[in-house]
Amino acid sequence: MPEVTLIDAINLALARALADDPNVVVFGEDVGVNGGVFRATAGLQQRFGIERVFDTPLSELLISGLCIGMAAQGLRPIGEIQFMGFLYPCIDHLVNHASRLRNRTQGRLSCPMVLRTPHGAGIRAPEHHSEAAEAMLAHIPGLRVVMPSAPERAYGLLLGAIRDPDPVVFLEPTRIYRAVKGQVEDTGEALPLDVAFVVRDGRDVTLISWGAMVKDTVAAADELSADGIDAEVIDLATLKPYDEDTVLASVSKTGRCVIIHEAARTGGFGAEIAALIAERALSSLLAPVIRVTGYDTILPLPRLEQHYMPSVARIVVAARKACEFG
Amino acid sequence: MVGEELSLVAQFEVRRRAYIAADGTVVADLPSFASDRDLLVSLYRAMMLTRTFDLRAVSLQRTGRLGTYAVSLGQEAVATGVASAMREEDVLLPSYRDNGALLWRGVAMENILLFWGGDERGNNWSGPIQDFPFCIPVGSQVPQAAGVAYAFKYRKEARVAVCIFGDGATSKGDVWEAMNFAGVWKLPVVFVVNNNQWAISVPLKLQTGSQTLAQKAIAAGFPGEQVDGNDVIAVRAASEAAIAAAREGNGPRLIEAVTYRLGDHTTADDAARYRSPEEVQARWKEEPIVRLRSYLVSRAGWSKAEEEQVVSECEQRVTAAIERYLAAGSRPPQTMFDHLYAELPRAYARQRKEIED
Chain A
1 MPEVTLIDAI
11 NLALARALAD
21 DPNVVVFGED
31 VGVNGGVFRA
41 TAGLQQRFGI
51 ERVFDTPLSE
61 LLISGLCIGM
71 AAQGLRPIGE
81 IQFMGFLYPC
91 IDHLVNHASR
101 LRNRTQGRLS
111 CPMVLRTPHG
121 AGIRAPEHHS
131 EAAEAMLAHI
141 PGLRVVMPSA
151 PERAYGLLLG
161 AIRDPDPVVF
171 LEPTRIYRAV
181 KGQVEDTGEA
191 LPLDVAFVVR
201 DGRDVTLISW
211 GAMVKDTVAA
221 ADELSADGID
231 AEVIDLATLK
241 PYDEDTVLAS
251 VSKTGRCVII
261 HEAARTGGFG
271 AEIAALIAER
281 ALSSLLAPVI
291 RVTGYDTILP
301 LPRLEQHYMP
311 SVARIVVAAR
321 KACEFG
Chain B
327 MVGEELSLVA
337 QFEVRRRAYI
347 AADGTVVADL
357 PSFASDRDLL
367 VSLYRAMMLT
377 RTFDLRAVSL
387 QRTGRLGTYA
397 VSLGQEAVAT
407 GVASAMREED
417 VLLPSYRDNG
427 ALLWRGVAME
437 NILLFWGGDE
447 RGNNWSGPIQ
457 DFPFCIPVGS
467 QVPQAAGVAY
477 AFKYRKEARV
487 AVCIFGDGAT
497 SKGDVWEAMN
507 FAGVWKLPVV
517 FVVNNNQWAI
527 SVPLKLQTGS
537 QTLAQKAIAA
547 GFPGEQVDGN
557 DVIAVRAASE
567 AAIAAAREGN
577 GPRLIEAVTY
587 RLGDHTTADD
597 AARYRSPEEV
607 QARWKEEPIV
617 RLRSYLVSRA
627 GWSKAEEEQV
637 VSECEQRVTA
647 AIERYLAAGS
657 RPPQTMFDHL
667 YAELPRAYAR
677 QRKEIED
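Protein chains in written order, with this note's numbering: chain A, 1 to 326; chain B, 327 to 683.
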């Protein structure tokens, strides 16, 4: 099985979707000849033609609106927003239209679209390029929000998103586009969008994360095992709707939970998971749920961004604290 | 002319189309369809039906049997003229004020009432099943129209997306972003501005410094035309020409239909707060229904009996629709989950059960 990077896995899935379904079209800024600023769409216009893989004007709001019109007409549009900080003009279209077209027409029209965008900090990018706004999106009823953390799951999750009959925002962890490799066979098999992945089994504490932070979380689990702490790591993968069952089963087993995300703490998606655990697994808890997150500050420019994001060390400290409680 | 050292690189013009003046007299050579009396009568009947429907909807709202409602009083020629030029297989993306266009396209009146009466089932009509529902966030349906048109072009279908929006919408980035893209790709889409002079309380002069709204098309690379929006023959003729051009692969067109909002913005608005009764009174002299009637009377032998028949037919149809609307029961609360996703995720099935319990 070939070893590929996460960005290669994205490219493979896009190519597979384009090859399998003539309704699939891919577009965004610089996705054509240039193959995308991260090369997610490299070679696709050459292979599938300019009607199916095309550059839009510099117009993010338009990209989301186009997706909705195309999807309502039965195409399977995949729009790319170049960086998450440029996704905000699309919010109107995601909230007011994409997520509710099915409901507001009671099923007469629907919106099977995917909006892809890089997510997160850590590549020393300029201001506005490193946003982690997943909680904002996960608050929108009718939408799905998916974020892979490894090439092997990126391929299947993206195919799952493209084939899903409802709108999906697909967040791609920029920091590990090329920093992780995995075995991906181009089988065309999709992964389900409502299942979290237990990427490491453990008894003592549950570490829950998603996207690029999963890599650091697994590194923290390795460090903890040297201390004799056996951590279970869950890659949530789909934030909306998320797999409550896997979270609750793990916390019921371990009794301790640390949630790790790089987005700001207040109103972050970790708060949702902590609330779920408090509502439905309180009696299993042996320690308070701890969040390791970005701070409630503006995401700093690259000189300080490493201090903002949860580090392996911060995750380890939090997990030890959870294990030492009580 | 600017300084002589500068050379002229581009030159544009915007033309206006009008056939029937406010008093019903003919001011330009009529398009050929205007000799079809039956067609003119059907346009007249459609405008009358729209107005009858609007007025009855307002009285339902005033008596607590309908929610906030957006009347199209005075703008019936825009909705009717545009929709009458479309083919069944074309797709309409209306604003919230385009009842007349949906009625012409075959949407049942009780559906429209059900929507404004607070029930999503109203948008699930069996008429033109690919037409979009009313769009309330102003102008946001316009980029979607470009997407619909892209799908037509991609599949090599001879269909056209028709999008109606107001003068206020032309101030939004949505409209520009959509027109710009449609111009690049020469998409089969017709943009129609219902320029009724008012965006709630903000007059056109505070909306734009542009001499016309039609000229906004020029920057996007396709023609824009201004039309007398109170002259249904002119609106239909402009729409026919624009839709035909789009269908033939000649790219988008913009039509600015100049009319006037004789009513309040919605039933929740009181336009007397921001405009004078004299202004509105003067505009009543230009309204589209009286205008076409004057023309029909003077040029097509329109009789009093025919007039009475149209009026009573419209009343009867609206009355029957209102009865069907009022008879529609409400739906069980847990049905709010029914069309959230194609298949309800496990996590939300639990929430639906909270309602059932």
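Using N, Cα and C, we set each Cβ at its ideal position, and we do this for glycine too.
In chain A, which residues lie less than 8 Å from B:F507 when you measure between Cβ atoms?
Taking the second sequence and counting its residues from 1, one reaches residue 507 of chain B at position 181. The answer, in chain order, is T56, P57, S59, L62 and L66.
With 16 other Cβ atoms within 10 Å as the buried cut-off, status of B:P614
If you number the second sequence from 1, residue 614 of chain B lands on position 288. B:P614 should be labelled buried.
I want to see whether chain B comes within less than 8 Å of A:Y242, judged by CB atoms only; does it?
Working through the first sequence from its first residue, we reach residue 242 of chain A at position 242. Closer than 8 Å to some Cβ of chain B, the Cβ of A:Y242 qualifies, so yes.
Can you tell me whether B:N520 is helix, strand or coil according to DSSP?
Sequence index remark: in the second sequence, residue 520 of chain B carries index 194 (1-based). In the structure shown, B:N520 sits in a strand (DSSP, three-state: E or B).
Which partner residues of B:E686 appear in the DSSP bridge assignment?
Lying before the first or after the last residue shown, residue 686 of chain B is absent from chain B, which here runs from 327 to 683.
Assuming contact is defined by CB atoms lying nearer than 8 Å, are B:F478 and B:A472 in contact in what I supplied?
Numbered from its first residue, the second sequence carries residue 478 of chain B at position 152. Numbered from its first residue, the second sequence carries residue 472 of chain B at position 146. No, these two residues do not count as a Cβ contact at 8 Å.
Out of B:N437, B:V335 and B:P454, point me to the one whose CA is closest to B:R447's CA.
Here residue 447 of chain B refers to the residue found at position 121 of the second sequence. It is B:N437.
B:L580 to B:S410, Cα distance in whole Å?
Numbered from its first residue, the second sequence carries residue 580 of chain B at position 254. Numbered from its first residue, the second sequence carries residue 410 of chain B at position 84. Their backbone Cα atoms lie some 17 Å apart in a straight line.
Which same chain residues end up closer than 6 Å to A:E80 when comparing Cβ atoms and leaving out the 5 residues on each side of it in sequence?
Here residue 80 of chain A is taken as the residue at index 80 of the first sequence, counted from 1. For A:E80, where only same-chain residues beyond five positions count, the Cβ hits under 6 Å are G28, V31 and R116.
Helix, strand or coil, according to DSSP, for A:E185 in the structure here?
As a first step, residue 185 of chain A must be located in the first sequence, where it is residue number 185. Note: A:E185 maps to coil in three-state DSSP.
In whole angstroms, what is the alpha-carbon distance linking A:S225 and A:V169?
For the purposes of this step, residue 225 of chain A is taken as residue 225 along the first sequence, with counting starting at 1. For the purposes of this step, residue 169 of chain A is taken as residue 169 along the first sequence, with counting starting at 1. Whole-angstrom Cα-Cα distance: 35 Å.
Flag this pair as touching only if the segment 120-132 of chain A and the segment 85-104 of chain A have three or more C-beta atom pairs under 8 Å; answer yes or no.
yes
Which of the residues in the segment 642-676 of chain B, read from start to end, lie with their CB under 7 Å from any CB of chain A?
H665, L666, Y667, A668, P671, R672, A673 and Y674
Would you list, in chain order, the members of the segment 425-459 of chain B that have their beta-carbon closer than 8 Å to a beta-carbon of chain A?
E446, R447, N449, N450, W451, I455, Q456, F458 and P459
What are the residues that DSSP puts in a beta bridge with A:G117?
Position 117 of the first sequence holds residue 117 of chain A. Residue identity differs from the one stated: residue 117 of chain A is Thr in this sequence, not Gly. Looking at the DSSP assignment, A:T117 forms a beta bridge with A:L171.
For the segment 465-479 of chain B, list every residue whose C-beta sits within 9 Å of some C-beta in chain A, in sequence order.
S466, Q467, V468, P469, Q470, A471, A472, G473, V474, A475, Y476, A477, F478 and K479
Might you give, ordered along the chain, the residues of its own chain that have their beta carbon closer than 6 Å to the beta carbon of B:Y621, omitting 5 neighbours on each side?
Your numbering for residue 621 of chain B matches position 295 in the second sequence. Around B:Y621: I346 and G350.
Listing by chain order, which chain A residues have their CB less than 7 Å from the CB of B:P463?
Numbered from 1 along the second sequence, position 137 holds the residue referred to as residue 463 of chain B. Per Cβ cutoff of 7 Å: D92 and N96.
With which residues is A:V198 paired in a DSSP beta bridge?
For the purposes of this step, residue 198 of chain A is taken as residue 198 along the first sequence, with counting starting at 1. A:I234.
Pairwise C-alpha distance: B:A608 and B:R601
The residue labelled residue 601 of chain B in the question sits at position 275 within the second sequence. The residue labelled residue 608 of chain B in the question sits at position 282 within the second sequence. Distance between the alpha carbons of B:R601 and B:A608: 12 Å.
Could you tell me which of A:R108, A:L137, A:K181 and A:L75 sits nearest to A:N96, measuring between CA atoms?
As a position in the first sequence, residue 96 of chain A is number 96, starting the count at 1. Cα-wise, what sits closest to A:N96 is A:L137.
Helix, strand or coil at A:C257 according to DSSP, with G and I counted as helix
Start at 1 with the first residue of the first sequence, and residue 257 of chain A comes out as number 257. Here A:C257 sits in strand by DSSP.
Nearest chain A C-beta to B:G407 closer than 8 Å, yes or no?
As a position in the second sequence, residue 407 of chain B is number 81, starting the count at 1. No, B:G407 lies away from the interface with chain A (no Cβ there is under 8 Å from its Cβ).
When Cβ atoms are compared, which residues of the segment 490-522 of chain B fall closer than 8 Å to chain A?
G499, D500, E503, A504, N506, F507 and V510
Please confirm whether A:P148 and A:M113 have their CB atoms less than 8 Å apart.
The residue you call residue 148 of chain A lines up with position 148 of the first sequence. The residue you call residue 113 of chain A lines up with position 113 of the first sequence. Result no, Cβ atoms of A:P148 and A:M113 do not sit closer than 8 Å.
Determine, using beta carbons only, whether A:M70 comes closer than 8 Å to chain B.
Taking the first residue of the first sequence as position 1, residue 70 of chain A is located at position 70. By this cut-off, A:M70 is an interface position.
What three-state label does DSSP hand B:A598 in the structure shown?
Residue numbering aside, residue 598 of chain B sits at position 272 when the second sequence is read from its first letter. Of the three classes helix, strand and coil, the one that applies to B:A598 here is helix, per DSSP.
Taking only beta-carbon positions, decide if A:E3 is within less than 8 Å of chain B.
Looking up residue 3 of chain A in the first sequence gives position 3. By this cut-off, A:E3 is not an interface position.
Would you mind telling me which residues of chain B sit closer than 7 Å to A:N103, beta carbon to beta carbon, in chain order?
For the purposes of this step, residue 103 of chain A is taken as residue 103 along the first sequence, with counting starting at 1. Within 7 Å Cβ-Cβ: E446, H665 and L666.
For B:D493 and A:V312, I'd like the C-alpha separation in whole angstroms.
For the purposes of this step, residue 493 of chain B is taken as the residue at position 167 of the second sequence. For the purposes of this step, residue 312 of chain A is taken as the residue at position 312 of the first sequence. One C-alpha to the other measures close to 55 Å.
Chain B beta carbons: is any one of them nearer than 8 Å to that of A:E305?
Residue 305 of chain A sits at position 305 when you count from the first residue of the first sequence. No, A:E305 lies away from the interface with chain B (no Cβ there is under 8 Å from its Cβ).
How long is the line joining the alpha carbons of A:I260 and A:A161, rounded to whole angstroms?
Residue 260 of chain A sits at position 260 when you count from the first residue of the first sequence. Residue 161 of chain A sits at position 161 when you count from the first residue of the first sequence. Roughly 24 Å separates the two Cα atoms.
B:G407 and B:Y586 look like a contact to me (Cβ under 8 Å); what is the Cβ gap, rounded to whole Å?
Residue numbering aside, residue 407 of chain B sits at position 81 when the second sequence is read from its first letter. Residue numbering aside, residue 586 of chain B sits at position 260 when the second sequence is read from its first letter. Actually they do not touch by this definition, with Cβ atoms about 15 Å apart.
Whole-angstrom C-beta distance between A:E262 and A:T217, which should lie under 8 Å
If you number the first sequence from 1, residue 217 of chain A lands on position 217. If you number the first sequence from 1, residue 262 of chain A lands on position 262. In fact, because the Cβ distance is near 11 Å, the residues do not count as touching under 8 Å.
I'd like to know if the segment 520-527 of chain B and the segment 590-598 of chain B are in contact, where contact means that at least 3 CB-CB pairs between them fall below 8 Å.
yes
Quick one: Cα of B:Q660 to Cα of A:A98, how far?
Within the second sequence, residue 660 of chain B is the residue found at index 334, counting from 1. Within the first sequence, residue 98 of chain A is the residue found at index 98, counting from 1. Their backbone Cα atoms lie some 22 Å apart in a straight line.
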